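Enquirer: Those protein sequence lines, which keep their order, are chains E and R. According to my numbering, the residues represented by the first sequence are 1 to 10, in order. According to my numbering, the residues represented by the second sequence are 11 to 222, in order.
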Amino acid sequence: ADEAEAHDEL
Amino acid sequence: MNVFRLAGDVSHLVAIIILLLKIWRSKSCAGISGKSQVLFALVFTTRYLDLFTVFISVYNTVMKVVFLALSYATVYLIYMRFRNSYNSENDTFRVEFLLVPVIGLSFLENYAFTPLEILWTFSIFLEAVAIMPQLFMITKTGEAESITTHYLFFLGLYRALYIANWVWRYHTESFYDLIAIVSGVVQTIFFCDFFYLYFTRVLRGRGKMTLP
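(1) Any heavy atom of the ligand ZN inside 7 Å of the beta-carbon of Glu137/R?
(2) Using alpha carbons as the reference points, say which of Lys45/R, Ser46/R and Leu29/R lies closest to Ser38/R.
(3) Under 8 Å, CB to CB, which of the residues in the stretch 13–35 of chain R have a partner in chain E?
(4) Is the Cβ of Trp178/R closer than 8 Å to any Cβ of chain E?
(5) Using the beta-carbon of each residue, which ones in chain E are nearer than 8 Å to Phe77/R?
(6) Can you tell me which of Phe92/R, Glu127/R, Asp187/R and Gly194/R puts its alpha carbon nearest to the alpha carbon of Thr56/R?
(7) With DSSP as the reference, label Thr124/R as helix, strand or coil.
(8) Going by DSSP, which residues form a beta bridge with Ala154/R?
(9) Residues in the same chain with beta-carbon distance under 6 Å from Ser81/R, minus the five sequence neighbours each way, listed in chain order, please.
(10) For a cutoff of 8 Å on Cβ pairs, would you count Val196/R as touching chain E?
(11) If we count the other Cβ atoms within 10 Å of its Cβ and call it buried at 16 or more, is Ser133/R buried or exposed?
(12) Is the beta carbon of Leu221/R closer than 8 Å to that of Gly152/R?
(13) Got a sec? Which residues, its chain only, sit under 6 Å from Asn94/R by beta carbon, not counting five neighbours each side?
(14) Taking Phe15/R as the reference, give the member of His160/R, Tyr69/R and Val139/R with the closest Cα.
(15) For Met90/R, name the three-state secondary structure that DSSP assigns.
(16) Could you tell me whether the Cβ atoms of Ala10/R and Asn120/R are closer together than 8 Å?
(17) Let me see if you follow: with CB-CB separation under 8 Å, is Ala190/R close to chain E or not?
(18) Along chain E, which residues have their Cβ under 7 Å away from the Cβ of Val112/R?
(19) Please give me, in chain order, every unbroken run of the alpha helix (DSSP H) with length at least 4 that falls completely inside the stretch 23–76 of chain R.
(20) For Asp2/E and chain R, any beta-carbon pair shorter than 8 Å?
(21) Could you tell me whether the Cβ atoms of Val48/R and Phe164/R are closer together than 8 Å?
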């Protein structure tokens, strides 16, 4: 998927 | 993780520490917009709600805790510890003009219509405009102490480095997070005017930055 499921960026 | 994102996180941490130390050592928050610092604490609070539900890495968890702790400590110093030095008469930006559109947009444009995802989107959009009260305060007073400009430099640099991180991640893992990218570009554009003044005035060793 293009967007992050779990947002891994701060 | 890549060097741009790491440099961005370090730059963000440096900015927050510069401000916190400035207030703590000078025992004053003159010239600092308390509203912007409250907005940043709100950004971290709404973005890091997954702190206990999602484990990404030790680094991710530690940095989230550090950012939350330092941002709340800064708000505490401004509104409690050194509140008599807070220039509320100059910190007059109407934050509702930021919150209403940001809340509306985060309901309209998000990856999933779930509380956690809408709050994450809210934090992304809010971060893009959270510095407005501080920049407004500087234009109102017509000046900023040099240490405050260094804080703003590292704060602006952090999201510019994140843009490099997103370009890198797009080309190496074809990953892109459109909401974060669009918001991050807008956020960095808001700093451009400040960057121009920073490089032409502050770095010329003119001490504090006075606006034309």
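Note that CB positions come from ideal geometry on N, CA and C, so glycine has one too. Predicted model only: the values in this text are computed from it and were never measured.
Expert: The relevant details are as follows:
(1) This structure lacks the ligand ZN; in fact it carries no ligand of any kind.
(2) Leu29/R
(3) Taking a C-beta cut-off of 8 Å against chain E, the contacting residues of the stretch 13–35 of chain R are Arg15, Asp19 and His22, listed in chain order.
(4) no
(5) Leu10
(6) Glu127/R
(7) In the three-state reduction of the DSSP assignment, Thr124/R falls in the coil class.
(8) Met219/R
(9) Phe50, Ala51 and Phe54
(10) no
(11) buried
(12) yes
(13) Same-chain partners within the cutoff: there are none.
(14) The sequence as given places Arg at residue 15/R; Phe does not occur at that position. Selection His160/R, Tyr69/R and Val139/R evaluated against Arg15/R yields Tyr69/R as nearest (Cα-Cα).
(15) helix
(16) Shown here, chain R extends from 11 to 222; a query on residue 10/R therefore has no answer.
(17) yes
(18) The premise fails here: Val112/R is roughly 17 Å from chain E at the closest Cβ pair, so nothing lies under 7 Å.
(19) Fully enclosed alpha helix (DSSP H) runs of 4 or longer: 44–57.
(20) With a pLDDT of 44 at Asp2/E, under the threshold of 50, the modelled position of that residue is not reliable, and no figure is offered here.
(21) no
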